[in-house]
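Q: Heads up: the sequence shown begins at 114 in this note's numbering, then just goes up one per residue.
No residue lacks a Cβ here, since even glycine has one placed at the ideal position from N, Cα and C.
Bear in mind the structure is a predicted one, so any value in this text is a computation, not a measurement.
This is the structure I want to talk about, given as structure tokens.
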Amino acid sequence: MTSHRLTVSLESRSYSIYIGSGLTKVGANPIALPQLRGKKGVVITNTTIAPLYLERVQEWLAAAGYESSPIIIPDGEEYKNHEILQRLYREIFESGLQRNGFVCALGGGVVGDLAGYAAATYMRGIDLIQLPTTILAQVDSAIGGKNGVNLEFGKNLVGTTYQPRVVISDIDFIATLPERESFCGFGEVVKYALLAGDDFISFLEMNHPEIMKQDPRSLASMTLSCSRIKADYVVRDEYDLLGVRAVLNLGHTIGHALEKMYAYQQLAHGEAVAIGLVCALLLSVTMNLLTESGFQRALQLLKLYGLPMLVPADANVDELIDLMRRDKKAGRNLSMILLRGLGDPYLEENIDAGLLRETLEKCKQPVH
Ligand code: NAD
Ligand code: GLY
């Protein structure tokens with residue numbers, strides 16, 4: 114299988130994203146790594162991924178002329194914190210890395226965000242390679258440079274925007290991903306389809322059986338489309354200051370509020386985003402922005418990909434709205450990404466709280 118390559122064009126911070134099968138297997142599907150500053154680095158991964166892929170990745174790096182030592186952290190969002198970050202700094206230091214060293218992040222979004230933050234800040238920034246191993250990380254978190262850790266009073270409150278030198282999305286990694294994690298990834302994939310419109314929606318509709326069977330070509334095409342969409346928003350608004358990159362948060366303002374309301378226990382991120390997408394779609398229809406046929410097509414796509422679509426019946430809607438107001442990405446007013454049509458998102462900065470309350474209540478029942 115051939116690999117895909119696309120460039121994230123950010124002047125001196127430009128980099129390639131490679132997508133394909135066998136990209137991290139010696140000799141299987143060789144790609145040209147960028148010229149790193151030095152030959153020595155660390156591979157940061159977790160206790161779940163290490164037994165599966167660490168040896169393979171270290172051999173692959175060695176074959177490319179790079180020496181690496183492993184740093185293995187515990188698995189879980191609860192470890193995306195300053196304590197683990199301190200441990201990363203210590204182990205990076207003990208492995209003898211200088212400013213010309215590199216960090217290779219081998220894992221999902223948790224490993225990617227932690228390792229990315231460590232790379233961005235250790236000696237004011239060392240080279241970073243992202244090797245995402247979840248669908249969510251391949252289509253989203255490994256791209257665009259955002260990184261960080263959680264604080265006890267909120268998720269992702271500390272971090273930087275620091276671009277990797279390369280992103281390598283090896284589709285082989287997806288074979289061992291637990292099913293629930295795949296569906297979390299699909300929540301983000303459907304988000305991209307709603308942002309991009311007809312072509313990618315049609316692709317997801319037609320290729321659903323192959324994607325579910327994890328056919329490598331279909332997974333790679335899906336990941337390529339998502340990566341292109343994300344890269345396009347990133348290059349237009351790298352630091353998320355212009356309201357352009359903000360549209361990537363379609364479904365997320367409500368999604369984050371739902372995750373927080375259930376203390377990050379009941380709903381996984383991608384599941385909460387899927388429910389957030391339904392609410393954003395319904396609000397868009399209610400405000401006469403989105404047509405009924407566009408709305409129905411979007412709902413069918415969410416259903417096809419097996420995503421949860423209902424606001425939990427016991428959710429306190431006023432509390433949800435309060436949490437949305439406090440979302441770090443929401444701004445001072447109640448704001449959300451809405452759709453003027455499929456493929457036509459915009460940032461609505463003045464959401465009517467009454468209308469939102471009604472919408473959230475309606476989304477406790479099937480809305481079709
Ligand atoms: P995750 O990193 O927790 O991975 C999910 C689970 O799958 C973990 O248990 C992990 O060990 C396991 N896993 C990963 N790859 C595997 C594989 N190939 N085989 C078997 N098991 C595997 O979760 P995630 O959904 O990838 O990422 C969520 C995180 O990403 C959150 O912390 C979120 O804040 C962050 N995020 C960051 C950005 C960004 O732009 N930086 C964007 C979206 C999400
Ligand atoms: N995940 C949203 C962003 O990267 O901007």
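Can you tell me which residues fall inside 6 Å of the ligand GLY, judged by beta-carbon distance to its nearest heavy atom, and keep chain order?
A: For the ligand GLY, the selected residues are ASP253, GLY257, LYS259, ASP353, ARG358, LEU361.
Q: I'd like the span of the beta strand (DSSP E) that includes ARG118, first residue to last.
A: ARG118 -> beta strand (DSSP E) spans 117-121.
Q: Which residue wins for smallest C-alpha separation from GLU474, given the options VAL424, SER448, THR234, SER334?
A: For the residues VAL424, SER448, THR234, SER334, the minimum Cα distance to GLU474 belongs to VAL424.
Q: Between which two residues does the alpha helix (DSSP H) harbouring THR366 extend?
A: Run containing THR366: 365-374, per the alpha helix (DSSP H) assignment.
Q: Consider the C-beta atom of VAL223 and the heavy atoms of the ligand NAD; say whether any pair is separated by less than 7 Å.
A: At least one heavy atom of the ligand NAD is nearer than 7 Å to the Cβ of VAL223, so yes.
Q: Which class does GLU471 belong to by DSSP, given the choice of helix, strand or coil?
A: Residue state, collapsed to three classes: helix.
Q: Out of ARG118, PRO164, ILE239, VAL223, state which residue places its alpha-carbon closest to the alpha-carbon of GLY151.
A: The shortest C-alpha separation from GLY151 is found at ILE239.
Q: Note down the Cα distance separating VAL303 from ILE367, rounded to an integer number of angstroms.
A: So the alpha carbons of these two residues sit roughly 16 Å apart.
Q: For GLN243, which three-state DSSP category applies?
A: Correct three-state label for GLN243: strand.
Q: Tell me the residue span of the alpha helix (DSSP H) that contains SER397.
A: Residues 382-399.
Q: Below 8 Å between beta carbons: does that hold for PRO458 and LEU355?
A: In this structure, LEU355 does not lie closer than 8 Å to PRO458 by Cβ.
Q: For SER397, which residues of its own chain have a beta-carbon under 8 Å away from its beta-carbon, when the five flanking residues on both sides are left out?
A: Here the set comprises LEU403, PHE408, LEU451, LEU452, ARG453.
Q: Cβ of GLY267 within 8 Å of Cβ of CYS217?
A: Not in contact: GLY267 and CYS217 (Cβ atoms no closer than 8 Å).
Q: Under the three-state reduction of DSSP, which class applies to ASN362: helix, strand or coil?
A: Residue state, collapsed to three classes: helix.
Q: Considering only C-alpha positions, which residue in the set GLY222, ALA233, LYS477 is nearest to ARG212?
A: The candidate whose alpha carbon is nearest that of ARG212 is ALA233.
Q: Does DSSP put ASP253 in a helix, a strand or coil?
A: Of the three classes helix, strand and coil, the one that applies to ASP253 here is helix, per DSSP.
Q: Beta-carbon within less than 6 Å of THR161's beta-carbon, same chain only, minus the 5 sequence neighbours each way: which residues are those?
A: Closer than 6 Å at the Cβ level, and outside the excluded window around THR161, lie ASP188.
Q: If I'm right that ILE157 touches ALA228 with Cβ under 8 Å, what's the distance once you round it to whole angstroms?
A: Confirmed, Cβ separation roughly 4 Å.
Q: By Cβ distance below 7 Å, which residues in the same chain neighbour TYR352 in space, the five residues on each side in sequence not counted?
A: These residues qualify, in order along the chain: THR274.
Q: When you measure from the CB of ILE162 to every non-hydrogen atom of the ligand NAD, does any distance come out below 7 Å?
A: Yes; taking the cut-off as 7 Å, the Cβ of ILE162 has a heavy atom of the ligand NAD nearer than that.
Q: What would DSSP say about THR289, mapped onto helix, strand or coil?
A: Helix, per DSSP.
Q: Alpha carbon to alpha carbon, how far is CYS392 from LEU167?
A: Rounded to the nearest angstrom, the two C-alpha atoms are 40 Å apart.
Q: Measuring alpha carbon to alpha carbon, tell me which residue in PHE299, TYR305, GLY257, SER338 is nearest ASP484.
A: This structure cannot speak to residue 484, because the chain is shown only from 114 to 481.
Q: Whose C-alpha, out of VAL262, ALA370, THR399, ASP226, is nearest the C-alpha of PRO245?
A: Nearest C-alpha to PRO245: ASP226.
Q: Run through the DSSP bridge pairs and tell me what ILE157 is partnered with.
A: Paired residues: ILE184, ALA218.
Q: If ILE342 sits next to LEU455, beta carbons under 8 Å apart, how far is it from one beta carbon to the other, in whole angstroms?
A: Incorrect: roughly 13 Å between the Cβ atoms, too far for contact.
Q: Does the beta carbon of GLU190 fall short of 7 Å from some heavy atom of the ligand NAD?
A: Yes; taking the cut-off as 7 Å, the Cβ of GLU190 has a heavy atom of the ligand NAD nearer than that.
Q: Starting from the C-beta of GLU405, find all residues in its chain whose C-beta is less than 6 Å away, skip the five residues before and the five after it, and write them out in chain order.
A: The answer is none, since no qualifying residue turns up.
Q: Quick check on this structure: which residue in PRO277, MET400, LEU210, LEU241 has the alpha carbon closest to the alpha carbon of LEU468?
A: Ranking the options by Cα distance to LEU468, first place goes to MET400.
Q: Straight-line CA distance for LEU117 to GLU207?
A: Sequence inspection shows His at residue 117; the Leu mentioned does not correspond to that position. Using only the alpha carbons, I get a separation of about 37 Å.
Q: Starting from the C-beta of GLY272, find all residues in its chain whose C-beta is less than 6 Å away, skip the five residues before and the five after it, and write them out in chain order.
A: Only TYR230, ASN260, GLY261 meet the Cβ criterion.
Q: Tell me which same chain residues have a C-beta within less than 6 Å of the C-beta of TYR131, skipping the five on either side of it?
A: Correct list, in chain order: SER116, ARG118, ILE144, ILE281.
Q: Look at the alpha carbon of GLN171 and the alpha carbon of PRO164, and state the distance between them as a whole number of angstroms.
A: Distance between the alpha carbons of GLN171 and PRO164: 12 Å.
Q: Within 10 angstroms of its Cβ, does THR247 collect 16 or more other Cβ (buried), or is it exposed?
A: Buried is the call here.
Q: Which same chain residues end up closer than 7 Å to GLY178 when comparing Cβ atoms and leaving out the 5 residues on each side of it in sequence?
A: Excluding positions up to five away in sequence, the list reads LYS152.
Q: Would you tell me roughly how many angstroms separate the C-alpha atoms of LEU361 and LEU337, rounded to the nearest one?
A: So the alpha carbons of these two residues sit roughly 16 Å apart.
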